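Read the structure below first, then the notes.
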Amino acid sequence: MDVALIGEGTYPHQFGGVSVWCDQLVRGMPDYDFELVALTATGSEPVRWSLPDNVTSVQTMPLWGPPPAYRRGRWGRSVPCPALRDLIEILLASPSEAQDRFGDVLREVFEFAQAENLTASLSSNWAVRLLSETWHDWRLDSTEAAPSLHDAVTAMQLLEHSLRPLSYPPVRADVAHAVTNGLGALPALAAKWRYGTPMVVTEHGIYMREQYLHSRDVPFRWPVRALHLRFLRRMCSLGYREAELITPGNVYNKRWEEQLGADLSRVRTVYNGVDPADFPASETEPDVPTISWAGRVDPVKDLETLLLAFALVHREMPEAKLRMFGSPPQGQEAYLERCKALASDLGLGGAATFEGRVEKIRDAYDSGQIVVLCSISEGFPYTLIEAMTCGRPCVATDVGGVTEAVADTGMIVPPRSPEALAQSCLTLLRDAGLRRKLGAAARMRALEYFTVDRAISAFDEIYTFVGTGLELPNVELEDESDDLTVSALPGRDEETELLEAAG
Amino acid sequence: MSVSNGHEPISRSRLASPAEPQRPAAPANGQHHRVPRTVAALCEQFSAVCASAVDPLEIASALEFEGLGDQTAKRRYGYPDVFALAQDMYFRVKREPAEPDVPSDPWEANGKLRPLLHGLLYALPGVCFPAAVGLLIGPGVEIALIVALLAAWSMGQGLAYLGYIRLGRTTDMEQTRRVLRIALAVGLLVVAAALAVTGRVVHAPPSALLFGLGEGIYMLGAGALMVLGAEAWLLVALAPGVLYSAAFLALGRPVYLQHVAWGTMATTPLLALALALIFTHRTGPRTGALFDRQEWLGTLPAVGFGLVAAGLLIFPVAAGPHGHGGINYAALLAGLPLSLSMGAAEVSLLWYRRRSQRLLRTTREMRGFGTRARLILVAAVLQYMAAAAVLTLIAAAIASKTGLLHPNLTFLPQLAAYGALGAAMFIALTLQALGSRIFPLVACAVALAFEISFHGLGVTAQIVACVDLLVVVGGFALVVLGRAVRHAY
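Chains as they are written, first to last, in the working numbering: chain A, 1 to 503; chain B, 504 to 992.
Right under this line is the structure:
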């Protein structure tokens, strides 16, 4: 069976969580042939992964590089795209209206893009004039961030670049699997419209959430941001609508999908997995009470809270140590310096060490008696399930899919509260028996739910059923949400107390 | 954004891949984070996000990012989940989006100095020509020089185009360096081949051929350095050749210094080449696609334009005062300042782009934009012509002072022709910078063809050709550059 694997800014041209997952998928299913469709930036990025034999082709669709070649382009002249007016009007309407229309209009744009030169059409003066006239009276509440011509030009450019995938010939496969939503859904939609190929949409993080966060850093004026984000939001909703199956990487993501209009009966959670062979059970633990942390040194990981908590632990238990593994990504070196400064201000001296990058990540987990993850925001962190597979008890903050992952095999604390974190750490560091028990439970849980094999067999089943057009049996492949009642989570009462105490 | 111009690198990362979002810095105090008690206080804390929010989900994403989840929304504020809380916050806070910082002008950064530096760099090599006169005796020397100039200019334009395109496409400097190196090699080969053929055909003396080759090497090396932003180093390369030539000329061309002068003049192109090779040295691993058919096809108009522009500049000089050979001094007098004025052309072009961008940002409707944009274009052309006129007057003054030439009123038609040519060139450069590359090329080629076919008419042919060219490209520019979409970057 032929599967088209479609992603934006990921496999096979980038490294990162999603591309690791894609690599696992492709290698774990040698009986399937994969046609990769990669939405990239410039088109001249090198392929960073070595591709196995069952990858039959790689089609690159650069969003910011040279426009797609047109076989029958009308040289120099651009034909106005008739669906553009409708598209703009839909984007200016409120997000809850006209969602059905959006799919139809986008399909018209697709047909136009296949026959004519969409890039030339959307880059023409006619298109800019259309936009500037249509949104001329767009007012926000009572204030005006009235759109200028420059905004119209910029917004049209963004739209044109985003719609580039529609100009390429649709990929032929039995299943179109988009591993990112948003623009990643465009090639899948194209295949569906042209050949009736069924679509599957997987989400590790939530595309729309990332876009909202990212858009705050980009220097566009409000009208441009608004139009572009509305377009992306419509795209995400359309992706959910048209997909046969939506597979988030954790149950936590379901909330956003629901907000964006996904039909929950089509959602199947398929957890990320790790290869147990890479993370054998840790035989021994260090003699000295040690807390270990591993990850990217990035403000979202909230190392400051970790250091503050460790200061409290250190006061109670002077022999305790904290070992932090990992390096900052490009541009965040200042954050590492701040953390180091904080560590010395707190008088932790040599007790808290920044170890930098480590060859084998499991050595990081092995080096501590417990593993801590205190991020303020997470999806479904690999670090956590890797540590669990090694059999280390974890203390983690209640964000994203963390609670689903850990459940009752570790300790969950609220984010940004050093006292709660310190309490949980001390409890575990003082009780070897509890550590052993939780560690074993964590490993059992990880081996049962969070292995690569499990993820792969889930997708094997999905591809088979979706590709042949059968209904998936109504047995949930993974359903954690019912298990997580409030009372099952340790440390809850502490959270309430703390919240009240904080005033 | 479209790769609209071949002259300035475009700032990238307008929209980075969603796999790598930027994270705002965490609060520096690291204290126990005070979670506000009431929704009003929460709105206060998130006021920046709420005022600029596009819809409630944006606020929800910000809340979640700061660790505020469904539990907190329920227990602390009494909402069923974060989304309901965000919805309420969206309606509580008025939309007053903060104006983003206007991104720094890519054309402001250059300021006035860089184009003037460029003007200097275009002009200085000119000193070497009179000093090299002793080399340039023999049959077919003019033809060899013309061929060298044509080849060098066209290859230089092609190299610059490739370099700027790659520079604008990727922040990976390694790719740009590799592209430049290859373009350098190809360009040198072409220049050498052209000169070799010419040497065969007209039996030009090898010294002239070597001079032409040196010229080609210099221009290509200079082009590569300019793309990489290292053109200040060219002053180092120029120093030996120019200083010696100037001294040589000042001393009245003493015969005993001739060989030394030629030797030092040879070091200039070699230094330029060495610098170019150093700056294009491969530092990192080979990555990225080097050959992009569309890019390389795109160099053809650039190379063509270089050829045609050089032709328009040189032809009247070579054709002689009445079109039948000999040196056309009037043309020489007018031609040299024209090269110098390319620095002024850059200044005017930058001014034009800045002003038209500002107009784009402050106008709301298409109707208002067209007329005002055209006026700005006319103003830019006039600015340039004024600068060119001043430079010509200075050149005339120097020429008559030093006795090299004796300008008189019969030069006027020639000067007028070159004036029209200069203005037309400026408009052609502006059109190319804003994405129209074929039309200026075709128009200039037609003008050149006209001049060549009617060279018997002497300066009249040139005047007719240049004025017509000015009218045609000027008219085209007024139509095309009045459209808002051209001014995007």
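Backbone N, C-alpha and C fix where the C-beta goes; we use that ideal spot for every residue, glycine too. Please read these numbers as outputs of a predicted model, since none were measured by experiment.
Any Cβ of chain A within less than 8 Å of the Cβ of E734(B)?
-> no
Within 10 angstroms of the Cβ of H990(B), are there 16 or more other Cβ atoms? Answer buried if so, exposed if not.
-> buried
Assign S50(A) to buried or exposed, taking buried as 16 or more other Cβ atoms, counted over all protein chains shown, within 10 Å of its Cβ.
-> exposed
Which residues in chain A sit within 7 Å of S555(B), going by Cβ to Cβ distance?
-> Neighbours of S555(B) in chain A, taken as residues at a C-beta separation under 7 Å, are given in chain order as W222.
Let me know the secondary structure DSSP gives R172(A) once reduced to three states.
-> Secondary structure at R172(A): coil, using DSSP grouped into helix, strand and coil.
How is C22(A) classed by DSSP in three states: helix, strand or coil?
-> Helix.
On the three-state DSSP scale, how would you describe W507(A)?
-> Since the first residue shown for chain A is 1 and the last is 503, residue 507(A) is missing from the structure and cannot be characterised.
Residues from the segment 581 to 595 of chain B in contact with chain A, defined by Cβ distance under 9 Å = Of all residues in the segment 581 to 595 of chain B, D584, V585 and F586 have a Cβ within less than 9 Å of some Cβ in chain A.
For the alpha helix (DSSP H) that T60(A) lies in, which residues bound it at each end?
-> It is not in any alpha helix (DSSP H) - T60(A) instead sits in the beta strand (DSSP E) that spans V55 to P62.
Alpha carbon to alpha carbon, what distance is there between T770(B) and F818(B)?
-> 29 Å
Verify the CB distance criterion: does H510(B) have a CB-CB separation below 8 Å to chain A?
-> Unreliable placement is indicated for H510(B), whose pLDDT of 35 sits below 50; the coordinate value is still reported in the next sentence. For H510(B), not one C-beta of chain A is nearer than 8 Å to its own C-beta.
Residues that H204(A) bridges to, as DSSP identifies them = Paired residues: none, contrary to the question.
Rounded C-alpha distance that separates Y449(A) from F279(A) | 15 Å
According to the neighbour-count rule (16 or more other Cβ atoms, all chains shown, within 10 Å of its Cβ), is Q797(B) buried or exposed?
-> exposed
Taking Cβ-Cβ distances below 7 Å as the criterion, which residues of the segment 363 to 387 of chain A are in contact with chain B?
-> I376 and S377
Do V557(B) and M592(B) have their CB atoms nearer than 8 Å?
-> No, they are not a contact pair.
Name the two residues that bound the continuous beta strand (DSSP E) containing D33(A).
-> D33 to T40
CA-CA distance, I646(B) and P708(B)?
-> Rounded to whole angstroms, I646(B) to P708(B) spans 11 Å at the Cα level.
Measure from the C-beta of F979(B) to each C-beta in chain A and report whether the shortest distance is under 8 Å.
-> no
Enumerate in chain order the residues of its own chain whose CB-to-CB distance from A686(B) is below 6 Å, with the five nearest sequence positions on each side excluded.
-> L662 and L665
In the structure shown, what three-state DSSP assignment does I291(A) receive?
-> strand
8 Å contact criterion, which T247(A) and I385(A) should meet: CB distance rounded | In fact, because the Cβ distance is near 17 Å, the residues do not count as touching under 8 Å.
Where do the N-terminal and C-terminal ends of the beta strand (DSSP E) with I370(A) fall, by residue?
-> I370 to L373
Quick one: what does DSSP say I385(A) is sitting in, helix, strand or coil?
-> helix
Measure the CB-CB distance between E319(A) and P289(A) and report whether it falls below 8 Å.
-> yes
Pair every Cβ in the segment 189 to 197 of chain A with every Cβ in the segment 210 to 227 of chain A, then say whether three or more of these pairs are closer than 8 Å.
-> no
In angstroms with no decimal places, state the Cα-to-Cα distance between S142(A) and V200(A).
-> Note that S142(A) scores 41 on pLDDT, short of 50, meaning its location in the model is unreliable and no value can be drawn from it.
Nearest neighbour of M729(B), chosen from P943(B), V705(B), Q660(B) and F714(B) [CA to CA] = The shortest C-alpha separation from M729(B) is found at Q660(B).
Pick from T865(B), Y747(B) and V739(B): whose alpha carbon is nearest that of A152(A)?
-> Selected option, being the one with the closest Cα: T865(B).
Short Cβ contact (8 Å threshold) for L106(A) with C81(A) | no
Step through the CB atoms of chain A and report whether any lies within less than 8 Å of the CB of M869(B).
-> yes
Check each candidate in L981(B), V975(B), A695(B) and V811(B) and name the one with the smallest Cα separation from A882(B).
-> L981(B)
Secondary structure of E285(A), DSSP reduced to three states = For E285(A), the secondary structure class from DSSP, reduced to helix, strand or coil, is coil.
Straight-line gap, P329(A) to L885(B) (C-alpha atoms, nearest Å) | 51 Å
Can you pull the chain A residues whose beta carbon is under 7 Å from the beta carbon of E567(B), in chain order?
-> S377
Please list, in chain order, all residues of the same chain as G533(B) whose beta carbon is under 8 Å from its beta carbon, the five residues on each side excluded.
-> The predicted model places G533(B) with a pLDDT of 39, which falls under 50 and marks its position as unreliable, so this point remains unresolved.
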